[in-house]
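Going letter by letter, the sequence shown gives residues 37 to 347 in the numbering used here.
Where a beta carbon is used, it is the ideal one built from N, C-alpha and C, also for glycine.
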Amino acid sequence: MSLPSIINTLASFLNTDIQTAVPIMLAATGMIFSEKAGLVNIGIEGVMILGAFTGVAASFFLGSAWLGLLIVIIIGGLLGLLFVFLVETARSDQVVVGMAFNLLGLGLTTIFNRAIFGLNTAPPKIDSFHPWHIPVLADIPYVGVAFFQHSSLTYLAFAVIPVVSFIVFKTNIGLKLRAVGEHPRAADTVGIKVVKVRYIAGMVSCMFGAVGGAYLSMSQLNFFTENMTAGRGFIALAAVIFGKYSPLGVMGAALLFGAGNAASYIIQATDSHIPGNLVLMIPYVLTIAALAGLVGKSVGPAASGKPYIKE
Numbered sequence: 037m038s039l040p041s042i043i044n045t046l047a048s049f050l051n052t053d054i055q056t057a058v059p060i061m062l063a064a065t066g067m068i069f070s071e072k073a074g075l076v077n078i079g080i081e082g083v084m085i086l087g088a089f090t091g092v093a094a095s096f097f098l099g100s101a102w103l104g105l106l107i108v109i110i111i112g113g114l115l116g117l118l119f120v121f122l123v124e125t126a127r128s129d130q131v132v133v134g135m136a137f138n139l140l141g142l143g144l145t146t147i148f149n150r151a152i153f154g155l156n157t158a159p160p161k162i163d164s165f166h167p168w169h170i171p172v173l174a175d176i177p178y179v180g181v182a183f184f185q186h187s188s189l190t191y192l193a194f195a196v197i198p199v200v201s202f203i204v205f206k207t208n209i210g211l212k213l214r215a216v217g218e219h220p221r222a223a224d225t226v227g228i229k230v231v232k233v234r235y236i237a238g239m240v241s242c243m244f245g246a247v248g249g250a251y252l253s254m255s256q257l258n259f260f261t262e263n264m265t266a267g268r269g270f271i272a273l274a275a276v277i278f279g280k281y282s283p284l285g286v287m288g289a290a291l292l293f294g295a296g297n298a299a300s301y302i303i304q305a306t307d308s309h310i311p312g313n314l315v316l317m318i319p320y321v322l323t324i325a326a327l328a329g330l331v332g333k334s335v336g337p338a339a340s341g342k343p344y345i346k347e
């Protein structure tokens with residue numbers, strides 16, 4: 037291959053890496069709030085797929101991608117409210133509730149997708165988030181293709197990383213959040229409303245997760261297919277652990293896992309004789325390798341997964 041061809045392939049790889057990383061990054065960024073508050077939400081996969089379907093359906097009926105996204109955020113907040121009610125107020129097991137959310141998301145989206153759009157039909161035309169070519173920057177050879185020809189949701193996803201980092205680690209809100217996750221009884225003693233903080237954290241987490249799912253259906257593919265999240269919610273959970281519960285770490289982890297997806301797409305597009313099923317395994321093998329401890333020990337909040345019982 038010539039040098040220009042190699043550089044062009046690298047630019048396309050980076051473009052695809054960013055696109056495939058964003059839904060994982062959004063879901064994982066939201067999970068920082070719930071994890072820091074002591075909530076383990078493995079049901080984010082179900083939240084993502086519900087967000088993906090809701091975005092398409094809302095955009096289809098309302099004719100606006102932004103209104104569709106607003107509905108997605110509302111649905112995500114309601115799902116978070118239900119999750120925290122079940123695990124904190126009703127004191128159900130967080131893992132069991134999370135798995136129930138995953139099954140619920142897959143079942144509901146399958147039923148409603150077939151009821152509204154039918155089977156074996158062309159994807160409905162919806163208003164979606166199209167690539168936005170940033171003036172001047174998008175015209176830079178190779179660099180423009182890689183970094184400056186993405187949808188507005190992509191830029192928002194990256195812009196929110198420093199904001200979340202500031203909130204979690206530099207504000208009084210973040211201090212309360214971390215106190216609730218590390219030692220809820222001590223937090224309660226100094227007047228922090230533990231349950232309230234967990235409700236808010238759970239809702240914010242699911243809002244981000246729903247938007248991450250909507251990104252798949254409204255920015256990346258522009259249509260909904262059943263089970264289109266394909267385990268990205270679980271990869272997002274891995275990204276939180278891999279990124280050591282920090283927004284910047286999550287961004288790096290999401291880009292790493294996105295690189296696995298991008299590599300699999302490029303390999304499939306070439307004349308490689310590698311079996312397709314092995315190629316599709318790349319991002320999942322990468323996730324397993326990361327969780328196997330290649331980057332050292334990652335320690336979560338001390339009260340993670342434990343409902344707070346006030347004496």
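Secondary structure at Ser241: helix, using DSSP grouped into helix, strand and coil. For the segment 180-240, the continuous alpha helix (DSSP H) assignments of 4+ residues that do not extend past its boundaries occur at 188-206, 208-218, 220-225, in sequence order.
For the set Leu50, Ala63, Asn297, the Cα lying nearest the Cα of Met243 is the one of Ala63. At a Cβ-Cβ threshold of 8 Å, Phe260 and Asn149 count as neighbours. Within a 10 Å sphere around the beta-carbon of His186 sit 16 or more other beta-carbons, which makes this residue buried. Under DSSP, His169 shares a beta bridge with Gln185. Inclusion of Gly116 and Met254 in the CB contact set at 8 Å is not warranted, their separation being larger than that value. If you draw a straight line from the Cα of Ser100 to the Cα of Ala94, it is about 8 Å long. Residue burial is scored here from C-beta neighbours: Asp175 has fewer than 16 other C-beta atoms within 10 angstroms and is therefore classed as exposed. In the DSSP assignment, Leu252 falls outside any alpha helix (DSSP H) and carries neither an H nor an E. Thr190 and Phe183 have their C-alpha atoms spaced approximately 10 Å apart. When the alpha-carbon of Val132 is set against those of Gly79, Leu98, Lys280, the nearest one is in Gly79. Of all alpha-carbon atoms in Ile318, Ala328, Ala289, Ala215, the one lying nearest the alpha-carbon of Leu75 is that of Ala215. Straight through space, the alpha carbons of Glu218 and Ala338 are spaced by roughly 5 Å. Our two residues, Phe293 and Ala57, have alpha carbons roughly 7 Å apart in a direct line. Measuring C-alpha to C-alpha distances from Gly112 to each of Met287, Gly249, Asn297, Ala275 identifies Gly249 as the nearest. The continuous stretches of alpha helix (DSSP H) do not include Pro177, and DSSP gives it neither H nor E. Taking the Cα of Leu291 as reference, the smallest distance to any Cα among Ala272, Ile303, Ala246, Phe97 is reached at Ala272. In this structure, DSSP gives Glu262 a state outside helix and strand, which the three-state scheme calls coil. Here DSSP, grouped into helix, strand and coil, assigns Leu155 to coil. Unbroken beta strand (DSSP E) stretches of 3 residues or longer found wholly inside the segment 50-95: none.
Positions of the beta strand (DSSP E) runs, each at least 3 residues long and wholly inside the segment 121-154, cannot be given because no such run exists. For Asn258, same chain residues with a beta-carbon under 8 Å away, outside a window of 5 residues either side, are Pro159, Ile162, Ser164 in chain order. For the set Leu118, Gly91, Phe96, the Cα lying nearest the Cα of Leu106 is the one of Gly91.
Taking each of Thr45, Met61, Pro167 in turn and checking the Cα distance to Gly288, the smallest one comes out for Met61. Every alpha helix (DSSP H) of 4 residues or more that sits fully in the segment 266-301 is shown, in chain order, as 268-278. C-alpha of Asn263 to C-alpha of Leu142: approximately 6 Å in a straight line.
Annotated three-state conformation of Val335 is coil, per DSSP.
Only buried fits Asn51, as 16 or more other CB atoms lie within 10 angstroms of its CB.
In this structure, Ser241 places its C-beta atom within 8 Å of the C-beta atom of Met67.
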